[in-house]
Amino acid sequence: MSVLAQDPTHETFEINLGPQHPATHGVLRVILTMDGEYIYKAEPVLGYIHRMHEKMGESKTWLQFMPNTARMDYLHALAYNHGYVLTVERAAGIEVPERAEYLRVITVELNRIASHLLWFGAFVLDLGGFTPLLYAFDDREQILDILESVTGARLTFSYFRFGGVYNDIDENFIPATTAFIKRLRSRMPMYHNLVTKNIILMKRLIDVGPISKEMARLYGATGPVLRGSGVDYDIRKNEPYSVYPELDFDVPVYTEGDSMARYMVRMDEIDQCMRIIEQAMDKMPEGETKIKKAPKIVKPEKGDYYAAVEAARGTFACRVVSDGTNSPYRLKLRSPTYSNLSLYGEACRGMLLPDALALMGSLDLVIPEIDR
Amino acid sequence: MDLLSSEIVRVLAFLVGVIAFAALNAAYLVWLERKEAAHMQLRIGPKEVGPFGLLQPIVDGIKLMTKQLFIPKGCDPILFMIAPLMIMVPAIMSFVTIPFSETLVARNINIGLLMIFAFASINVLGLLLGGWGSANKYAIIAAARSVSQNVAYEIPMLITVIAVVMITGTLNLNEIVIQQGGMFWNWNIFNVFASPLMPVMFVIFFICSLAETNRAPFDMAEAESELIAGIYTEYPGMGFGVFFMGEYANILIGCALTVILFLGGWQCPFGVAPGVWWFLLKLYILVFTVIWIRWTYPRTTFYGLLNLSWKILIPISLINLILTAGMLKVF
Amino acid sequence: MSKYFGDIFGGFYSLMVGLGITIKAFFQPVVTLQYPHESLKMTPRYRGHIELVPDPETGEALCIVCGMCQKNCPTGCITVAGAKPEGSKKKVLTKYRLNFTTCSLCGICVESCKPNAINFSKDYNLAGPRKEAFIFDLLKRLKEKNG
């Protein structure tokens with residue numbers, strides 16, 4: 036299907052997939068130069084929701100920056116909490132009790148399932164199927180209720196602290212999570228029957244938007260985009276952190292590189308998340324959830340520190356430069372969607388408009404994360 | 002004098018009846034669609050306005066009518082204004098020949114079937130003029146798509162109908178229904194002696210009528226997530242309302258035609274008491290199915306749509322036509 | 309050739325399966341809550357806006373006006389003021405102003421309060437026509453709650 040525009044002397048017209056558009060999830064503007072129905076050139080324009088998080092980090096203290104991390108990618112906010120907290124803990128040399136590590140892993144994986152469920156619903160909505168969104172949100176509501184009973188928030192969590200988590204779980208958490216996992220496991224075949232095996236959807240996704248291994252590596256794509264093109268790279272396995280080395284899970288990798296491969300990677304990741312949560316709940320020890328002498332004011336040594344975590348969209352990395360005061364000197368946040376979107380301009384040359392939108396949906400974009 | 006006045010009264014009564022039926026249906030099919038879609042998505046649809054939200058379409062109509070009707074600058078005003086009419090009027094005109102029951106037909110025209118298809122072709126023109134007259138890039142893309150879609154799907158529809166006409170030997174819709182009298186296995190869909198692929202023809206005809214009315218999963222012309230609202234982008238208030246009602250009226254015509262040609266029209270499945278209620282029951286079951294299909298499947302791409310028509314539906318319907326002709330000749 | 313027919317039959321079957329799933333959902337009870345006719349009770353840990361915790365005996369605010377919540381707030385939405393009454397060593401709270409329009413519900417203020425004088429409320433039905441409706445005077449609220 037990827038046929039380059041036939042003739043450069045054809046008359047082309049420019050169309051704006053504007054900042055306000057039902058398909059671009061957030062305020063993304065793509066200037067498309069189209070030759071009839073084929074896309075000749077695509078140029079994403081960013082910056083419509085730049086909120087200067089990194090600059091805010093320079094004027095707030097280390098702890099005051101916590102709410103900002105959740106607002107970048109609000110769908111998987113706990114992973115961004117985790118990335119920032121890991122960096123500061125490496126900088127200041129704070130150790131975390133084991134129960135807190137397990138709580139972190141369980142809540143991050145629950146949040147990952149919620150993010151993938153929302154991506155699934157919104158992706159199929161872009162393609163024209165309105166109903167699976169509601170079914171996915173039904174499951175997502177249960178996750179949000181569980182997380183609300185623990186952390187107190189539903190979307191923008193400020194649950195992690197340096198040296199542990201904010202508070203312990205209540206007694207309802209483990210039964211509710213076990214019941215939820217059982218329910219979701221019984222509903223996954225329904226999703227596959229309704230959506231994945233549907234002939235219309237298969238024709239819509241198979242061989243659409245191919246991204247080769249080389250292109251993915253060249254642009255620095257990470258996460259399901261990279262794993263859908265055949266590269267086996269997951270921060271949880273390749274640069275392990277927290278208690279992931281003690282948990283047994285697989286990393287789904289598909290080699291075709293088309294939109295269907297990225298779709299299947301994320302659906303399989305939901306199954307793997309459920310496995311991780313079950314193991315972590317079994318292995319979680321009793322103990323404290325925050326270190327006893329949690330420093331009130333964190334003052335890391337001077338230097339450069341880095342930590343990376345695997346968020347739902349790819350590698351989220353955080354680099355801090357500390358100058359010994361109680362506020363960072365420089366805070367750099369590497370968002371995965373920025374690199375994932377950078378290959379969009381080259382990947383959708385010569386495609387039809389609906390295919391380009393299917394490709395955009397399969398990249399799983401969250402624009403506030405790109406613009407920070 | 003006596004004959005003249007009764008004829009005029011009859012014509013007027015049918016005029017009012019047909020327009021009332023079409024308008025009421027167009028309004029309340031919106032309610033049915035919202036309620037049915039809601040229950041399939043595990044929620045309740047409109048419920049605040051009136052009991053079960055039954056007054057919702059009326060309130061929506063009032064809202065649409067009170068909006069300012071402006072014509073965008075740079076567009077062609079005549080084409081812009083005519084396009085919704087070209088969708089609504091043929092649909093209402095086609096109701097003239099549809100037999101609701103044995104005696105309840107506005108005009109029992111001998112070439113009724115041909116007349117309905119002639120009016121259906123004006124539909125395409127309405128969409129094209131609407132898109133072009135809007136002077137909006139998205140609308141023009143949508144109009145171009147919908148023209149090729151409509152043309153591609155008229156062909157298998159007509160081939161299938163030719164096969165049915167070969168079996169029944171008449172273009173008169175009432176005659177076609179009368180020939181399907183008796184128990185339900187006399188209906189055309191089960192008539193495998195005339196052609197073993199008859200149920201397949203029913204499915205093909207149904208799919209084609211879905212595509213003709215630009216209804217999901219073939220609604221590329223109004224693909225919400227790609228082209229804002231496609232052809233309807235620039236239409237304000239009641240302009241969009243008329244398009245909307247025209248689409249539902251077309252769905253009604255398509256389903257009514259399917260019922261008449263394949264499912265026995267106003268005949269009862271047990272051959273006992275034919276009447277208008279059987280027609281309406283079958284009609285609404287088909288309309289329910291149309292809405293059911295819309296809310297289950299994603300949208301096909303443009304190439305998938307055309308491939309389906311040219312590579313799958315047309316070969317199958319041509320084979321069917323030849324088979325029917327062969328069976329008729331031999332038996 | 310076989311792929312052609314396989315596509316047709318397999319595809320048709322998958323479409324029928326999809327229809328079956330939605331019609332099954334059609335007959336299931338709805339899962340939505342008919343708000344505002346029904347409403348939910350919030351969990352104990354739900355983070356609504358903060359409120360002052362009264363002393364169980366005297367009914368006064370437990371706040372000692374140390375200003376830690378004001379200092380630690382990321383957005384600076386808390387303003388506290390107190391005065392030392394005659395002959396007492398401790399300050400008494402005279403003003404506690406919360407600008408809820410900039411509060412991010414992070415919980416740093418609740419965590420850093422040593423006497424545990426502030427806590428999250430369970431209010432979620434907050435809607436108002438003007439921005440000023442969300443500048444809360446927490447001391448006044450406490451007095452109104454006490455009666």
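Residue numbers (the numbering used here), protein chains in the order written: chain A, 36 to 407; chain B, 2 to 332; chain C, 309 to 455.
Glycine included, C-beta positions come from ideal geometry on N, C-alpha and C.
This one's a predicted model, so the numbers in the text were calculated from it and none came from an experiment.
Query, Result
"When A:Ser357, A:Lys334, A:Ala342 and A:Leu398 are compared against Asn116 of chain A, the one with the closest alpha-carbon", "A:Ala342"
"Three-state secondary structure assigned by DSSP to Cys209 of chain B", "helix"
"Nearest-angstrom beta carbon gap, Ala105 of chain A and Leu413 of chain C [assumed within contact, 8 Å]", "The Cβ separation is near 10 Å, so there is no contact."
"Tyr382 of chain A burial status per 10 Å Cβ neighbour count (16 or more: buried)", "Note on residue identity: the sequence assigns Ala, not Tyr, to residue 382 of chain A. Buried, because 16 or more other Cβ atoms sit within 10 Å of the Cβ of Ala382 of chain A."
"Cβ neighbours of Lys48 of chain B in the same chain (closer than 8 Å, five flanking residues each side left out)", "Gly54"
"Chain D within 8 Å of Thr410 of chain C, Cβ atoms only", "Here chain D cannot be found, since the structure's protein chains are A, B and C."
"Straight-line Cα distance separating Asp269 of chain A from Met319 of chain A", "23 Å"
"Delimiting residues of the alpha helix (DSSP H) encompassing Leu115 of chain B", "Gly113 to Gly134"
"Beta-carbon neighbours of Thr322 of chain C, restricted to chain A and to distances below 7 Å", "Note on identity: in this sequence residue 322 of chain C is Ser, with Thr being the wrong assignment. In chain order: Lys232, Asn233 and Ile234."
"Beta-carbon proximity list for Gly415 of chain C, same chain, < 8 Å, skipping 5 on both sides", "Arg355 and Phe428"
"With 16 other Cβ atoms within 10 Å as the buried cut-off, status of Leu450 of chain C", "buried"
"Own chain partners of Ala38 of chain B with C-beta closer than 6 Å, once the 5 adjacent residues on each side are dropped", "Trp296"
"Alpha carbon of Lys399 of chain C to alpha carbon of Lys422 of chain C, nearest angstrom", "15 Å"
"Residues bridged to Arg365 of chain A [DSSP beta-bridge criterion]", "A:Val356"
"is_contact[Cys414 of chain C, chain A] using C-beta, thresh 8 Å", "yes"
"Which of helix, strand or coil DSSP assigns to Ser226 of chain B", "Note that Ser226 of chain B scores 47 on pLDDT, short of 50, meaning its location in the model is unreliable; the coordinates nonetheless yield the value given after this. Ser226 of chain B: helix per DSSP, three-state reduction."
"Chain B contact for Ile331 of chain C (CB, 8 Å cutoff)", "yes"
"8 Å Cβ cutoff met for Leu163 of chain A and Pro200 of chain B", "Per the sequence presented here, residue 163 of chain A reads as Gly, with Leu not at that position. Contact: no."
"Range of the contiguous beta strand (DSSP E) that encloses Ala343 of chain A", "Gly338 to Ala346"
"Meets three-Cβ-pair contact criterion under 8 Å: the region 187-197 of chain B and the region 316-325 of chain B", "yes"
"Residues, ordered as in the chain, of the region 101-132 of chain B that lie near chain A by beta-carbon distance below 7 Å", "none"
"As assigned by DSSP and simplified to three states, the class of Gly258 of chain A", "coil"
"Residues that Met69 of chain A bridges to, as DSSP identifies them", "A:Phe48 and A:Ile74"
"Which listed residue (B:Leu159, B:Val60, B:Asn109 and B:Thr302) has its alpha carbon closest to that of Met237 of chain A", "B:Thr302"
"Identified DSSP bridge partners for Leu387 of chain A", "A:Tyr73"
"Arg146 of chain B, buried or exposed, once every other Cβ within 10 Å from all chains shown has been counted against 16", "buried"
"Runs of alpha helix (DSSP H) lying entirely within the region 143-198 of chain A, each at least 4 residues, in chain order", "166-186"
"Between the CA atoms of Ile261 of chain B and Leu314 of chain B - distance to the nearest angstrom", "21 Å"
"Three or more C-beta pairs below 8 Å linking the region 146-154 of chain A and the region 279-288 of chain A", "no"
"Coil, strand or helix - Leu329 of chain B by DSSP", "helix"
"Check whether Thr234 of chain B and Ala140 of chain B have beta carbons under 8 Å apart", "yes"
"Pair within 8 Å by beta-carbon distance, Lys337 of chain A and Arg354 of chain A", "no"
"Secondary structure of Arg44 of chain B, DSSP reduced to three states", "coil"
"Within 9 Å of chain B by C-beta, residues of the region 326-351 of chain C in sequence order", "Gly326, Leu327, Ile329, Thr330, Ile331, Ala333, Phe334, Phe335, Gln336, Pro337, Val338, Val339, Thr340 and Gln342"
"Exposure label - Gln42 of chain B; buried when at least 16 CB within 10 Å", "buried"
"Backbone CA spacing between Ile50 of chain A and Trp133 of chain B [nearest angstrom]", "17 Å"
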